[in-house]
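Just remember that the numbering used here sits 2 ahead of the position in the sequence shown, which is counted from 1.
Every residue, glycine too, gets a C-beta built ideally from N, C-alpha and C.
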Amino acid sequence: MMLVFRNVRVRRTGRERTGLRRVRPARPGDEGVALISAMAVVVLVGILVVAIVSTAVYEATASGRDRQRATAVTTAEGAIDAVLATLQTSNVASYPCPDPAVPSSRSFLADDVDISVEVTYYNAAGTEVTCAAVRAGTAIASAHVSATSAAEPIGNAQVARRTMETLVTLEPHVTNMLENAIHSDTSVRFTNHNDVINGSDTPGQAANIYSKGDFDCVNQGTYDGSIVAVGNVNLANPCTVKGSIWNGGTVNLNNSPTVQGSIRSAGNINLDKATLGGTAYARGVVTVASGGAGKACLGSPDKCLSGQAIEAPKPVDNPFPKIEWPNAQSDWTAHGYTQVVTFSGSTCGKPNGSSSDYAANWIRDNMAADTASSTIVVVDCPGNPVRFEGGMNTVTFGRDLLVISRAGFVVSNSVKFVSAGPDADRNVYFIQPATWSGSAVTCNPTVGIDLNNQVSFESPVRVLLYSPCSIVKANQGRTAGQIYAQGSFTWDNKANVIYDPLPVWGLSSGSTTAESYDVEIVYKRETH
3 MMLVFRNVRV RRTGRERTGL RRVRPARPGD EGVALISAMA VVVLVGILVV
53 AIVSTAVYEA TASGRDRQRA TAVTTAEGAI DAVLATLQTS NVASYPCPDP
103 AVPSSRSFLA DDVDISVEVT YYNAAGTEVT CAAVRAGTAI ASAHVSATSA
153 AEPIGNAQVA RRTMETLVTL EPHVTNMLEN AIHSDTSVRF TNHNDVINGS
203 DTPGQAANIY SKGDFDCVNQ GTYDGSIVAV GNVNLANPCT VKGSIWNGGT
253 VNLNNSPTVQ GSIRSAGNIN LDKATLGGTA YARGVVTVAS GGAGKACLGS
303 PDKCLSGQAI EAPKPVDNPF PKIEWPNAQS DWTAHGYTQV VTFSGSTCGK
353 PNGSSSDYAA NWIRDNMAAD TASSTIVVVD CPGNPVRFEG GMNTVTFGRD
403 LLVISRAGFV VSNSVKFVSA GPDADRNVYF IQPATWSGSA VTCNPTVGID
453 LNNQVSFESP VRVLLYSPCS IVKANQGRTA GQIYAQGSFT WDNKANVIYD
503 PLPVWGLSSG STTAESYDVE IVYKRETH
């Protein structure tokens with residue numbers, strides 16, 4: 003053993019002296035322990051770093067995967083919404099079929115996604131309708147839309163793919179949908195507190211009134227649309243027209259009526275204390291009674307203009323659309339009216355003890371049920387109109403109904419027509435056709451449809467009253483839908499019309515192709 007000595011200072015009794023201190027050498031085998039310890043620490047730290055980094059990468063990947071799944075769901079639903087918007091707002095010629103105009107590849111923040119959309123159309127019977135037929139205007143009742151969105155994978159992760167689907171019902175707007183709220187080829191007359199209200203929620207549709215003769219508002223009434231009359235227009239006792247007036251005869255505004263739009267007359271315009279929102283243009287002369295000028299024209303010399311080149315409405319531009327029976331039946335059948343019930347011969351007229359006829363009793367007793375097909379009731383009874391009279395009270399509709407009556411209709415004494423469900427829209431057609439088996443229908447008497455004494459069609463039931471004869475409504479009641487009379491039309495005593503247009507098939511003077519549809523979602527869900 004080798005001894006090593008070093009100089010050291012030793013403090014003793016206040017004095018310092020120099021001496022030697024012996025240092026023992028390291029034991030054999032202790033060399034490199036510190037290095038090994040350091041390496042062990044480095045390895046442990048490395049393992050921790052790898053674990054932390056791996057966890058961070060995993061969490062980032064998982065987070066990105068979740069983000070991609072959310073993006074896929076959102077973009078798939080957005081693609082469906084884009085299709086539904088197209089169905090709601092576009093003409094059928096632009097309908098997405100089979101592949102809608104939705105971008106197939108898009109970028110959303112950090113993700114690139116591929117979107118594919120499939121659209122399938124069905125008719126009322128549930129049969130698939132081809133693309134060409136849809137764009138040509140063939141009627142469809144529903145559509146199934148599915149959209150799949152796939153995001154590009156992150157690293158080696160699987161593709162984030164999600165699919166959404168929806169089923170919608172479609173209500174058609176067809177080119178032969180009758181445009182006016184009221185149409186008469188003879189005259190239109192309102193006598194006492196009658197309103198024509200626009201109940202349509204479709205842009206561009208207005209509660210307009212057309213008369214091939216005169217239009218008269220005798221005592222108060224508000225008309226949401228415009229008035230077109232080949233003859234004269236007479237407004238009195240504050241009647242209000244929210245639209246405009248265009249006519250071929252004279253316009254007489256007596257006793258403070260209001261026209262919010264303009265007046266264009268091929269004759270003269272007499273403004274007696276009238277309020278006019280637009281301008282009065284007359285081919286003849288515009289006259290204002292003393293005291294009335296302050297409302298209509300005072301201070302606005304350009305508001306009342308005489309000697310203008312105003313043409314009268316041309317009847318050829320508003321022909322009375324014809325429904326001919328049985329020629330029209332096939333068109334109605336093609337649109338779901340497949341149940342046909344016929345009354346003739348011994349089932350014409352009234353059964354013993356009933357105020358109503360056989361057909362009306364059958365409708366009351368059988369139409370409340372909701373079935374897959376709509377119903378046609380054919381009443382081939384010359385001289386015997388369909389009668390809903392005393393004791394009928396309420397008639398309930400669980401499905402749509404077309405009644406074709408050769409002799410017209412009589413409804414009286416507090417009869418209400420209602421839907422089986424508060425949200426179940428029902429279309430009802432009371433039609434006296436223009437021809438029957440090729441021969442013109444006889445108006446006997448002149449009234450084809452007579453609604454008298456508190457007859458109402460309650461929402462959500464809407465009705466088309468159609469006759470080549472006259473139509474009369476008297477003594478209170480509500481009618482939602484449209485009215486077309488080739489004869490005169492008279493509405494009396496607080497009986498209102500709510501304009502809500504119906505699709506009509508089988509018109510001899512129009513196309514039966516669908517132009518567009520209203521869309522209602524049945525369901526929307528994620529499938530996988």
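Extent of the continuous beta strand (DSSP E) to which residue i belongs
{"i": "Gln341", "result": "Tyr339 to Ser346"}
{"i": "Ser421", "result": "Lys418 to Ser421"}
{"i": "Leu509", "result": "Run containing Leu509: none; DSSP gives neither H nor E here."}
{"i": "Thr492", "result": "Phe491 to Asp494"}
{"i": "Asn210", "result": "That residue, Asn210, is in no beta strand (DSSP E); it is neither H nor E in DSSP."}
{"i": "Tyr283", "result": "Ala282 to Ala284"}
{"i": "Tyr97", "result": "Here Tyr97 belongs to no beta strand (DSSP E), and DSSP marks it neither H nor E."}
{"i": "Leu403", "result": "Leu403 to Ser407"}
{"i": "Gly223", "result": "Gly223 to Tyr225"}
{"i": "Asn256", "result": "Val253 to Asn256"}
{"i": "His185", "result": "Ile184 to Ser186"}
{"i": "Cys241", "result": "Cys241 to Val243"}
{"i": "Asp382", "result": "Ser376 to Asp382"}
Where residue i falls: helix, strand or coil (DSSP)
{"i": "Ala36", "result": "helix"}
{"i": "Ser441", "result": "strand"}
{"i": "Met394", "result": "coil"}
{"i": "Ile305", "result": "For the sequence presented, residue 305 should be read as Lys rather than Ile. If DSSP states are grouped into helix, strand and coil, Lys305 belongs with the helices."}
{"i": "Ile312", "result": "coil"}
{"i": "Val521", "result": "strand"}
{"i": "Ile485", "result": "strand"}
{"i": "Thr88", "result": "helix"}
{"i": "Leu504", "result": "coil"}
{"i": "Ala497", "result": "strand"}
{"i": "Ala436", "result": "coil"}
{"i": "Glu167", "result": "strand"}
{"i": "Val47", "result": "helix"}
{"i": "Ala145", "result": "strand"}
{"i": "Ala231", "result": "strand"}
{"i": "Ser267", "result": "strand"}
{"i": "Thr57", "result": "helix"}
{"i": "Asp114", "result": "strand"}
{"i": "Glu590", "result": "Nothing can be reported for residue 590, as the shown portion of the chain is limited to 3 through 530."}
{"i": "Met3", "result": "The predicted model places Met3 with a pLDDT of 45, which falls under 50 and marks its position as unreliable, so this point remains unresolved."}
{"i": "Val534", "result": "The structure shown does not extend to residue 534, since the chain spans only 3 to 530, so no value can be given for it."}
Straight-line gap, residue i to residue j (C-alpha atoms, nearest Å)
{"i": "Ser144", "j": "Asn498", "result": "33 angstroms"}
{"i": "Val119", "j": "Val524", "result": "18 angstroms"}
{"i": "Ala409", "j": "Asp203", "result": "34 angstroms"}
{"i": "Ala268", "j": "Gly280", "result": "17 angstroms"}
{"i": "Val230", "j": "Ser213", "result": "6 angstroms"}
{"i": "Asp502", "j": "Gly347", "result": "36 angstroms"}
{"i": "Gly128", "j": "Ile451", "result": "36 angstroms"}
{"i": "Asn446", "j": "Leu467", "result": "17 angstroms"}
{"i": "Trp327", "j": "Val342", "result": "14 angstroms"}
{"i": "Gly532", "j": "His146", "result": "Outside the shown range of the chain, which is 3 to 530, sits residue 532, and nothing can be said about it."}
{"i": "Arg366", "j": "Pro259", "result": "43 angstroms"}
{"i": "Ser189", "j": "Phe459", "result": "24 angstroms"}
{"i": "Ala81", "j": "Ile117", "result": "8 angstroms"}
{"i": "Arg285", "j": "Phe432", "result": "40 angstroms"}
{"i": "Trp248", "j": "Ile406", "result": "34 angstroms"}
{"i": "Tyr283", "j": "Ser246", "result": "11 angstroms"}
{"i": "Phe217", "j": "Asn234", "result": "6 angstroms"}
{"i": "Arg69", "j": "Val397", "result": "56 angstroms"}
Nearest to residue i (by Cα), restricted to the options the options
{"i": "Thr277", "options": "His146, Pro353, Tyr225 and Asn256", "result": "Asn256"}
{"i": "Val121", "options": "Val136, Tyr360, Ala127 and Val115", "result": "Val136"}
{"i": "Asn221", "options": "Phe419, Thr242 and Tyr212", "result": "Thr242"}
{"i": "Arg163", "options": "Arg71, Cys219 and Gly80", "result": "Arg71"}
{"i": "Asn210", "options": "Ala183, His195, Phe192 and Gly201", "result": "Ala183"}
{"i": "Asn320", "options": "Pro424, Asp187, Ser246 and Cys445", "result": "Asp187"}
{"i": "Thr444", "options": "Gln488, Asn454 and Ile82", "result": "Gln488"}
{"i": "Ser492", "options": "Gly201, Thr448, Ala42 and Asn239", "result": "The amino acid at residue 492 is misidentified as Ser; the sequence shows Thr. For Thr492, the nearest C-alpha among the options comes from Thr448."}
{"i": "Gly393", "options": "Ser416, Ala153, Asp382 and Tyr123", "result": "Ser416"}
{"i": "Ala311", "options": "Val463, Ser357, Gln90 and Gly250", "result": "Gly250"}
{"i": "Pro315", "options": "Leu169, Thr252, Tyr360 and Asn272", "result": "Thr252"}
{"i": "Cys219", "options": "Val198, Ala208 and Val232", "result": "Val198"}
{"i": "Ala330", "options": "Lys418, Leu180, Ser96 and Trp507", "result": "Trp507"}
{"i": "Arg480", "options": "Thr77, Gly201, Leu86 and Val457", "result": "Val457"}
First and last residue of the uninterrupted alpha helix (DSSP H) at residue i
{"i": "Thr335", "result": "Gln331 to Ala336"}
{"i": "Asp216", "result": "No alpha helix (DSSP H) holds Asp216; DSSP gives it neither H nor E."}
{"i": "Ala134", "result": "Cys133 to Ala138"}
{"i": "Asp367", "result": "Tyr360 to Asn368"}
Beta carbon proximity, residue i to chain C, threshold 9 angstroms
{"i": "Phe419", "result": "Here there is only one protein chain, and chain C is not present."}
Subject >> Secondary structure, beta strand (DSSP E): runs of 3+ residues fully inside the segment 440-478 >> reply: Fully enclosed beta strand (DSSP E) runs of 3 or longer: 449-454, 463-469 and 472-476.
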